[in-house]
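For reference, the structure discussed in these notes is given below.
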């Protein structure tokens, strides 16, 4: 019998962005959907996210963005992931991400961006699909 | 299912005289400005009705924010309301590696004495009160440095600082300090101000920021009162007379979209406060019974979609506040969901207040809703619910211990989950977000303003690094060692040493670090810096 696939996700915030409401809410939502969430909380740098994702064997890094710090930190994170040869999908969420910035983020290698319009089911499905693809490549 | 308020109070289809408590009995009607102040605070003889218009300002460095403040005063704003950027709020200096991209973006970067001088340059302090959302210990000593620099009389200076020792750590502005130290700093600051700046409000109980986690009005005020009661007891224990500080306590509340409940919440808050100060804390001065209420409208109720609707939300919330009778208000700018306010959004928010004040006649009469069966009944019920939640929390133990145990943190986390679920399921209607949506490509009105960005103030980082090098090193080190020693001695007030260190050229990050060390905590909780004194 095949065991059920359980996505593993690290969720946190960058720098000193302390608006944790969204991150906590999404953590609960993904756990309810049967995913394993490592909650990295506030005060993360690109280095910390990469370390956490490696240690936890995560499929996805989810970053909640409620300050503009992400615009500068995300390219640093993507570079670091590439440098270390890590296979992990990066997703961003948060109301501060404007449509234009979302496009820039996708161009820099971010797998998905959930803006203020994101609905719960769409987010859960998309994260699950991304995690599955990452896990498939690792096998 | 019967209708209910945001706080879960079941509503009747309509209200009658039978729903109103005896305090509103026709034979003994309560007057505005009289105990227990349900209908409005005790008004000083010279004061007129209405409220102070204020918009939150602060971006970039102190010089940029000084221009912004002058712009707002030029628009007719009364007083200064400054918010620090995230590093400032967390007592982290701008040259700390963790904060490199947040310097000056969500508020003003302040970390040493010159910043405070630059921030308030050319702004007359005799007729502008200075309120700030900056850690109270630095806001107060920074203002005192300005007063000293200009040779002003200390008893002329008005303004306020926020205190949130129980909740800041869990709810947006972590400073990596133990709760015991945060509480001591709050008590020290209030005690220091009683002596040094007698007209200054050194204790604004800020229920706004933590209720933005999604708390309802009853929870918001219950937690606010838990903190007020805790600090009041601490001050009394120190021997500070209740009548010396209670008249200077104000409460900064939130205002969401449940129109009548928000009005009732403010009325209930005034009454609960009055009874508590008079009956429980035995305050004798009527000014101690009557709290000043100021308000920010809720950013959480604003939407990133169809931004223009936020102007409508702000107007409705502003009207609720005018009807409830507040002493100052700030309407969240319509672009709040995206950014710190643009000049354009600031102006709209200020104009909203001015339209309410100058065109509607809304503030010509005190408490215009007083005597409404519904509003009075709701006021009674909210007051009862606040009282029982306060009693329930206090029965669990000492507030600082509860904070250490994560009790409040869990309340906030549960509230955000609840809010998110209600909005996501559509049970709580948010126009433009979960109903009456339009395609993103059509959602363009005011979008250009909302999307304009403030870049991190990277030049500030090198300026602070240069400032550090140019200082008189020995004097700074001596002052920080002296601050650390004072902080180790729990029986003294640390404020004189903080003021001394500020004058000697120390930065907020260094002073916070020295105080953390005194409490056996890491100098830099984020593991990047070492003490250099």
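Protein chains in written order, with our numbering: chain F, 215 to 353; chain V, 2 to 534. Backbone N, C-alpha and C fix where the C-beta goes; we use that ideal spot for every residue, glycine too. Since this is a predicted model, take the numbers as computed values, not measurements.
Which stretch, first to last residue, makes up the alpha helix (DSSP H) that contains residue 482 of chain V?
474-489 is the extent of the alpha helix (DSSP H) around residue 482 of chain V.
Can you tell me where the alpha helix (DSSP H) with residue 239 of chain F in it begins and where it stops?
Where residue 239 of chain F is concerned, the enclosing alpha helix (DSSP H) stretches over 235-246.
Sufficient close CB pairs (3 or more, under 8 Å) joining the segment 279-286 of chain F to the segment 99-111 of chain V:
Taking a contact to require three or more Cβ pairs closer than 8 Å, the segment 279-286 of chain F and the segment 99-111 of chain V qualify as touching.
Going by the CB atoms, is the gap between residue 519 of chain V and residue 488 of chain V shorter than 8 Å?
The Cβ atoms of residue 488 of chain V and residue 519 of chain V lie closer than 8 Å to each other.
Can a CB atom of chain F be found closer than 8 Å to the CB of residue 345 of chain V?
For residue 345 of chain V, no Cβ of chain F is located within less than 8 Å of the residue's own Cβ.
9 Å Cβ cut-off: residues of chain V touching residue 232 of chain F:
One finds 87, 90, 91, 172, 173, 174 and 175 in chain V with Cβ atoms closer than 9 Å to the Cβ of residue 232 of chain F, taken in chain order.
Whose CA, out of V/89, V/268 and V/341, lies closest to the CA of residue 539 of chain V?
The structure shown does not extend to residue 539 of chain V, since chain V is modelled only from 2 to 534, so the question has no answer here.
Whose CA, out of V/483, V/211, V/192 and V/208, lies closest to the CA of residue 202 of chain V?
With distances taken between Cα atoms, residue 202 of chain V lies closest to V/192.
If you measure from the beta carbon of residue 326 of chain F to each beta carbon in chain V, is any gap under 8 Å?
Interface residue (Cβ-Cβ distance to chain V less than 8 Å): residue 326 of chain F is not classified as such.
Return the bridge partner residues of residue 104 of chain V from the DSSP annotation.
Its beta-bridge partners do not exist; DSSP assigns none.
Using a Cβ-Cβ cut-off of 7 Å (strictly less than) and excluding sequence neighbours within five positions of residue 122 of chain V, which residues of its own chain qualify?
Around residue 122 of chain V: 67.
Is it the case that the segment 379-390 of chain V contacts the segment 219-226 of chain V, given that we only count it when at least three CB pairs across the two stretches are under 8 Å?
By the criterion of at least three beta-carbon pairs nearer than 8 Å, the segment 219-226 of chain V is in contact with the segment 379-390 of chain V.
Which residues of the segment 447-481 of chain V have a Cβ closer than 9 Å to any Cβ of chain F? Give them in chain order.
Cβ contacts with chain F: 448, 451, 452, 454, 455, 456 and 457.
Residue 253 of chain F (DSSP reduced to helix, strand or coil):
Correct three-state label for residue 253 of chain F: strand.
Just the chain F side, please: which residues come within less than 8 Å of residue 215 of chain V by C-beta, in chain order?
What residue 215 of chain V touches in chain F: 235.
If you follow the beta strand (DSSP E) that residue 1 of chain V is in, where does it begin and where does it stop?
One cannot answer for residue 1 of chain V here, as it falls past the ends of chain V, which runs 2 to 534.
Check whether the segment 325-332 of chain V touches the segment 435-442 of chain V, taking contact to mean three or more Cβ pairs, one atom from each stretch, closer than 8 Å.
No: fewer than three Cβ pairs fall under 8 Å.
Which residues of chain A have a Cβ atom closer than 9 Å to the Cβ of residue 412 of chain V, listed in chain order?
Absent here is chain A; the protein component of the structure consists of chains F and V.
Taking Cβ positions, are residue 263 of chain V and residue 167 of chain V nearer each other than 8 Å?
Going by beta carbons, residue 263 of chain V and residue 167 of chain V fall outside the 8 Å limit.
Take residue 465 of chain V as the anchor and find which of V/510, V/183, V/313 and V/15 has the nearest alpha-carbon.
By alpha-carbon distance to residue 465 of chain V, the top candidate from V/510, V/183, V/313 and V/15 is V/510.
If contact is defined by three or more beta carbon pairs under 8 Å, each pair taking one atom from either stretch, is the segment 217-229 of chain F in contact with the segment 247-258 of chain F?
At 8 Å Cβ cutoff, the stretches touch.
Determine the chain V residues that contact residue 331 of chain F at a beta-carbon separation under 9 Å, and present them in chain order.
Per Cβ cutoff of 9 Å: 305, 306, 434, 438 and 441.
Under 8 Å by beta carbon: chain F residues contacting residue 153 of chain V
Chain F residues near residue 153 of chain V: none, gap ~34 Å exceeds 8 Å.
Beta-carbon neighbours of residue 238 of chain F, restricted to chain V and to distances below 8 Å:
Result: 414, 417 and 418.
What is the C-beta distance between residue 1 of chain V and residue 190 of chain V, in whole angstroms, given that I count them as a contact (C-beta under 8 Å)?
There is no way to answer for residue 1 of chain V, as the model of chain V reaches only from 2 to 534.
Quick one: what does DSSP say residue 433 of chain V is sitting in, helix, strand or coil?
Three-state DSSP puts residue 433 of chain V in coil, outside helix and strand.
Selection from V/451, V/223 and V/508 that minimises the alpha carbon distance to residue 470 of chain V
Answer by Cα proximity: V/508.
Check the Cβ-Cβ distances between residue 165 of chain V and every residue of chain F, and say whether any is below 8 Å.
Answer no: the Cβ-Cβ gap between residue 165 of chain V and chain F never drops below 8 Å.
Using a Cβ-Cβ cutoff of 8 Å, what residues of the segment 253-279 of chain F are near chain V? List them in chain order.
When CB distances to chain V are screened at a threshold of 8 Å, the residues of the segment 253-279 of chain F falling below it are 256, 257 and 259, in chain order.
Is residue 215 of chain F close to chain V? Criterion is C-beta to C-beta, closer than 8 Å.
Because residue 215 of chain F sits at a pLDDT of 49, beneath the cut-off of 50, its placement in the model cannot be relied upon, and the following sentence gives the value as read from the coordinates. When Cβ-Cβ separations below 8 Å define contact, residue 215 of chain F makes no contact with chain V.
Just the Cα atoms here: how many angstroms apart are residue 174 of chain V and residue 87 of chain V?
Using only the alpha carbons, I get a separation of about 7 Å.
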